[in-house]
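Asker:
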Amino acid sequence: MPGKVDALLDEKRIFKPSKDISDGSNIQKWMENHGLSSYSELIEAAARSPEWFWDELAGELEWFSPYSDVLKWDPPHAEWFLEGKFNVVHNALDRHAKGPNKDKTAYIWEGESGEVRTLTYLELYKKVNTFANGLKRLGVEKGDVVSIYLPMIPELPIAMLACAKIGAAHSVVFSGFWAKAFRDRINDAGSNVAITADGFKRRGKLIELKEAVDTILSQTPTIERVVVVEHEGLEVSMEEGRDIWWHEVVQGMDYECETEVMDSEDPLFILYTSGTTGKPKGVLHVHGGYSVGIYATLKFVFDLKDNDIWWCAADIGWITGHSYIVYAPLIMGVTSLLYEGTPDYPDPGRFWRMVQDHGVTVLYTAPTTVRMFMKYGEKWPAQYDLSSLRLLGSVGEPINPEAWIWYHKHIGGDRCPVMDTWWQTETGMHLITPLPISTLKPGSAVKPFPTIEADVVDDNGVSLKSGGGHLVIRSPWPSMFRTLYRDPERYVEAYWSKFPGVYLSGDVARLDEDGYFWIQGREDDVLNVAGHRISTAEVESSIVSHHAVAEAAVVGKPSSVKGEEICAFVVLKETSTNLENFQHILKDHVKIEIGPVASPSTVKIVSDLPKTRSGKIMRRVIKAIVRGEDVGDVSTLANPEAVSELKKAF
Ligand code: WTA
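Heads up: the sequence shown at position 441 corresponds to 441 in full-length UniProt numbering, and the numbers run straight through without jumps.
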């Protein structure tokens with residue numbers, strides 16, 4: 001790992017956004033309107049009074065009734081915009097549908113088959129309202145949690161907005177996870193209503209979602225109703241009294257539905273993410289502060305203007321999609337592209353053809369996608385007219401300078417600045433990021449957003465001017481998560497106890513002499529596979545749940561495309577027989593237990609795993625073997641011979 005950072009720090013190239021871009025940027029105009037003559041003046045003013053900065057931005061949104069105070073900080077618990085009455089849906093939809101944006105396109109949806117549908121703000125508003133009324137008829141009330149398991153189809157944002165409109169929290173589960181992940185998240189949240197679809201296509205292959213959901217519904221005791229979107233026209237079994245088609249739910253429903261008046265601090269959604277244990281964490285976000293934070297960052301970082309066509313090419317099942325496909329772009333009233341399928345299907349030109357055909361002006365994607373296209377070669381983007389692009393974005397993992405340069409050159413035509421945004425499910429919004437007025441260094445996420453006190457510290461919490469350390473945030477921000485659902489102790493323990501009152505991100509970073517942040521990756525046992533957060537513990541417990549397996553250790557192996565790949569070392573039970581093709585069986589087992597994203601790319605069967613004398617598996621040693629690094633001193637292990645076996649197996 002240190003080698004990687006050192007190589008990054010050798011990166012000396014810098015890029016400055018053109019004068020046109022920086023002079024015309026939202027941040028520049030905002031500074032002018034607030035009498036600030038330079039960005040450093042803004043940073044200083046915002047640091048002196050974060051309340052001033054966030055109050056100004058909150059004032060750009062509509063409140064049913066004003067808040068009394070901007071912030072109450074009782075570490076590690078923050079409340080923002082206290083006593084304010086607010087609903088994100090009023091800002092994201094109602095005010096546009098009733099105003100000059102009503103006939104503006106909110107979403108251009110493109111299916112994997114190439115089918116295109118558009119929804120104006122007014123049409124989206126009506127669809128959300130009819131579904132919200134339908135949910136009410138099904139018994140959903142303010143304060144309930146609705147679990148959603150849908151592919152990238154318009155019904156996904158519609159369902160989320162409908163929940164938020166009536167004051168129910170949504171819990172969206174990525175449709176690339178298998179149904180068992182949906183089961184666990186339903187049970188953790190205690191939802192009464194689930195929303196899914198008959199099926200969808202991925203790379204032309206039909207995924208029968210409802211059929212998969214049917215296999216888990218006997219193990220979700222709280223579920224009373226299941227709403228099913230007819231997307232592929234599949235024949236599915238519908239259980240009388242429990243299952244109901246989406247089109248039946250909305251039938252005869254009114255186009256108007258009153259937007260629930262929520263408190264700023266009322267829950268908006270839960271989104272589960274991987275932690276260091278096998279049990280996913282239910283990250284909870286609220287209406288008020290979350291909306292203000294994502295609005296401010298989208299406005300300033302991606303600089304969206306009225307005529308932009310914004311494409312955040314993430315899946316809505318992740319935080320990137322929640323914040324920057326659903327809520328923030330709608331709050332800003334822009335037009336977004338929503339794509340159902342895979343970037344390189346049916347050919348590696350798909351992505352670039354979509355940029356060209358829809359005239360995308362700002363594109364936000366992940367380094368893994370950029371690296372995949374680098375492998376296909378620049379001949380693919382070169383076939384399309386990408387001149388509509390003005391800004392590019394990157395998220396999910398560190399972007400290596402070569403991928404950054406390729407993206408900048410072959411996609412951005414050397415004219416589009418790349419916004420490398422660092423943030424997390426927990427942070428809700430970008431925290432360390434360039435702005436379109438920043439000098440960029442490829443591979444660096446640049447500097448903290450105004451008011452964000454990011455720091456790199458050693459084990460004692462002391463700031464480091466050089467060298468890698470824990471990336472922490474020292475003060476609250478509006479769209480921070482408020483707790484872990486039904487697990488308030490874990491919220492404190494996992495994030496705020498190593499350095500009391502300071503947020504521990506779980507990432508390692510380094511600062512350079514200009515105060516630029518270079519994010520290196522996770523410091524815990526969380527892997528980052530193609531931008532997806534996967535916990536090693538979760539994969540291990542899935543492997544161990546196979547009846548033939550005694551023990552397993554999972555580690556990440558660097559990959560030139562995916563960032564990391566999952567490598568599993570497995571010890572079988574002595575009684576296990578008939579093990580032909582067992583690697584494949586285990587890969588499939590994990591696919592079904594968690595989902596294809598968590599399936600190991602390598603499975604090695606070994607007779608023992610290196611352990612300490614107290615019986616702990618030494619992942620550090622296994623990691624070193626997989627990376628071809630020196631394993632260090634292994635003499636204190638209980639079974640040093642396991643190391644040589646692993647080396648041979650690898
Ligand atoms: C990683 C995704 C480097 C990081 C928004 C973080 C990044 C985890 C970047 C959060 C970036 C995200 N540079 N690493 N620009 N953005 N990460 O919760 O390890 O799915 O902790 O949120 O992704 O992943 P999550």
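For glycine and all other residues, C-beta sits at the position ideal for the given N, C-alpha and C.
Residue range of the beta strand (DSSP E) that Trp109 falls in?
Answerer: Here residue 109 refers to the residue found at position 109 when the sequence shown is read from its first residue. Start and end: Thr105 to Glu110.
Asker: Mind checking whether the beta-carbon of Gly293 lies closer than 7 Å to any heavy atom of ligand 1?
Answerer: In the sequence shown, residue 293 corresponds to position 293, counting from 1. Not so, every heavy atom of ligand 1 lies at least 7 Å from the Cβ.
Asker: Along the chain, where does the beta strand (DSSP E) containing Ile148 start, and where does it finish?
Answerer: Start at 1 with the first residue of the sequence shown, and residue 148 comes out as number 148. Unbroken beta strand (DSSP E) run through Ile148: Val145 to Ile148.
Asker: Which residue comes first and which comes last in the beta strand (DSSP E) that contains Glu230?
Answerer: Along the sequence shown, read from residue 1 onward, the residue named residue 230 stands at position 230. Neither: Glu230 is in no beta strand (DSSP E) and is coded neither H nor E.
Asker: Run the CB neighbour count on Glu79, radius 10 Å, all protein chains shown included, and call it buried at 16 or more, exposed below.
Answerer: As a first step, residue 79 is located in the sequence shown; it is residue number 79 there, counting from the start. Under this definition Glu79 is a buried residue.
Asker: What does the alpha-carbon distance come out to for the pair Gly84 and Ser65?
Answerer: On the sequence shown, residue 84 is found 84 positions in, with the first residue counted as 1. On the sequence shown, residue 65 is found 65 positions in, with the first residue counted as 1. So the two alpha carbons sit approximately 6 Å from each other.
Asker: Please find out if some non-hydrogen atom of ligand 1 comes closer than 7 Å to the beta-carbon of Thr421.
Answerer: Within the sequence shown, the letter at position 421 stands for residue 421. Yes, the Cβ of Thr421 comes within 7 Å of a heavy atom of ligand 1.
Asker: My understanding is that Val529 touches Glu564, with C-beta atoms under 8 Å, so please give their C-beta distance in whole angstroms.
Answerer: Working through the sequence shown from its first residue, we reach residue 529 at position 529. Working through the sequence shown from its first residue, we reach residue 564 at position 564. About 5 Å; that satisfies the 8 Å criterion.
Asker: Keeping to the same chain, check which residues put their C-beta closer than 6 Å to that of Gly396; ignore five residues upstream and five downstream.
Answerer: Taking the first residue of the sequence shown as position 1, residue 396 is located at position 396. Counting only Cβ-Cβ distances below 6 Å, and skipping sequence neighbours, we find Ala366 and Gly531.
Asker: Identify the continuous beta strand (DSSP E) that holds Ser559 and give its terminal residues.
Answerer: Taking the first residue of the sequence shown as 1, we reach residue 559 at position 559. Note, Ser559: beta strand (DSSP E), Val549 to Ser559.
Asker: Reducing DSSP to helix, strand and coil, say where Pro450 ends up.
Answerer: As a working note, residue 450 is residue 450 in the sequence shown. Residue state, collapsed to three classes: coil.
Asker: Between the segment 357 to 371 and the segment 269 to 286, do at least 3 Cβ pairs fall closer than 8 Å?
Answerer: These segments do not touch.
Asker: Less than 7 Å separating the Cβ of Ala393 from some heavy atom of ligand 1?
Answerer: Numbered from its first residue, the sequence shown carries residue 393 at position 393. In the sequence as presented, Ala is not what sits at residue 393; that position holds Gly. Not so, every heavy atom of ligand 1 lies at least 7 Å from the Cβ.
Asker: In the DSSP assignment, find the alpha helix (DSSP H) that holds Asn26 and state where it starts and stops.
Answerer: Residue numbering aside, residue 26 sits at position 26 when the sequence shown is read from its first letter. Unbroken alpha helix (DSSP H) run through Asn26: Asn26 to Asn33.
Asker: Is Thr425 near ligand 1 - that is, is its Cβ less than 7 Å away from at least one heavy atom of it?
Answerer: In the sequence shown, counting from the first residue as 1, residue 425 sits at position 425. Answer for Thr425: yes, Cβ within range of ligand 1.
Asker: Alpha carbon to alpha carbon, how far is Ser475 from Leu504?
Answerer: As a first step, residue 475 is located in the sequence shown; it is residue number 475 there, counting from the start. As a first step, residue 504 is located in the sequence shown; it is residue number 504 there, counting from the start. Answer to the nearest angstrom: the Cα atoms are 11 Å apart.
Asker: List the whole-angstrom C-beta distance separating Val228 from Trp310, where the pair is believed to meet the contact cut-off of C-beta under 8 Å.
Answerer: In the sequence shown, counting from the first residue as 1, residue 228 sits at position 228. In the sequence shown, counting from the first residue as 1, residue 310 sits at position 310. Actually they do not touch by this definition, with Cβ atoms about 30 Å apart.
Asker: Starting from the N-terminal side, write out each stretch of the beta strand (DSSP E) that is 3 residues or longer and does not extend beyond the segment 373 to 435.
Answerer: As far as the segment 373 to 435 is concerned, its whole beta strand (DSSP E) runs of at least 3 residues are 391 to 394 and 418 to 420.
Asker: Return the chain-ordered list of same chain residues with a C-beta closer than 7 Å to the C-beta of Lys12, the five sequence neighbours on each side being excluded.
Answerer: For this step, residue 12 is matched to residue 12 along the sequence shown. Excluding positions up to five away in sequence, the list is empty.
Asker: Tell me, please, which residues DSSP counts as bridged to Asp364.
Answerer: Residue numbering aside, residue 364 sits at position 364 when the sequence shown is read from its first letter. First, the amino acid is wrong: residue 364 is Tyr here, not Asp. Tyr364 pairs with Cys312 and Gly393.
Asker: Give the straight-line distance between the Cα atoms of Val173 and Phe650, rounded to the nearest whole angstrom.
Answerer: Position 173 of the sequence shown, counted from the first residue, corresponds to residue 173. Position 650 of the sequence shown, counted from the first residue, corresponds to residue 650. Cα to Cα, Val173 sits roughly 35 Å from Phe650.
Asker: Flag this pair as yes or no: are the beta carbons of Glu425 and Lys16 separated by less than 8 Å?
Answerer: Locating residue 425 in the sequence shown gives position 425, counting from the first residue. Locating residue 16 in the sequence shown gives position 16, counting from the first residue. Contrary to the premise, residue 425 reads as Thr rather than Glu in this sequence. Not a contact, by the Cβ cut-off of 8 Å.
Asker: Can you tell me where the beta strand (DSSP E) with Trp245 in it begins and where it stops?
Answerer: Residue mapping note: residue 245 aligns to position 245 of the sequence shown, counting from 1. Counting along the chain, the beta strand (DSSP E) containing Trp245 begins and ends at Asp243 to Trp245.
Asker: Answer yes if the segment 313 to 333 comes into contact with the segment 109 to 119, meaning at least three C-beta pairs across the two stretches below 8 Å, and no otherwise.
Answerer: Segments in contact, no.
Asker: In terms of alpha-carbon separation, which member of Lys142, Pro157 and Gly143 lies closest to Tyr149?
Answerer: Mapped onto the sequence shown, residue 149 falls at position 149. The residue with the shortest Cα to Cα distance from Tyr149 is Pro157.
Asker: Tell me the rounded alpha-carbon separation between Gly233 and Ile216.
Answerer: Within the sequence shown, numbered from 1, the residue matching residue 233 stands at position 233. Within the sequence shown, numbered from 1, the residue matching residue 216 stands at position 216. About 22 Å.
Asker: In the DSSP assignment, what are the bridge partners of Asn528?
Answerer: As a working mapping, residue 528 is identified with position 528 in the sequence shown. In DSSP, Asn528 forms a bridge with Arg533.
Asker: For the candidate residues Gly321, Thr421, Phe53 and Thr451, whose alpha-carbon lies nearest to that of Cys312?
Answerer: To locate residue 312, count along the sequence shown from 1; it is residue 312. Taking only the C-alpha atoms, the option nearest Cys312 is Gly321.
Asker: What's the call for Asp385, buried or exposed, on a 16-neighbour Cβ count within 10 Å?
Answerer: As a position in the sequence shown, residue 385 is number 385, starting the count at 1. So Asp385 ends up on the exposed side.
Asker: Quick check: is the beta carbon of Ile43 nearer than 8 Å to any beta carbon in chain C?
Answerer: Here chain C cannot be found, since the structure has a single protein chain.
Asker: How about Gln583 and Val603: are their beta carbons less than 8 Å apart?
Answerer: Taking the first residue of the sequence shown as position 1, residue 583 is located at position 583. Taking the first residue of the sequence shown as position 1, residue 603 is located at position 603. Their beta carbons are under 8 Å apart, which means Gln583 touches Val603 by this criterion.
Asker: Only counting the same chain, and skipping five residues up and downstream in sequence, which positions put a Cβ closer than 6 Å to that of Ser444?
Answerer: Sequence index remark: in the sequence shown, residue 444 carries index 444 (1-based). Counting only Cβ-Cβ distances below 6 Å, and skipping sequence neighbours, we find Tyr516 and Trp518.
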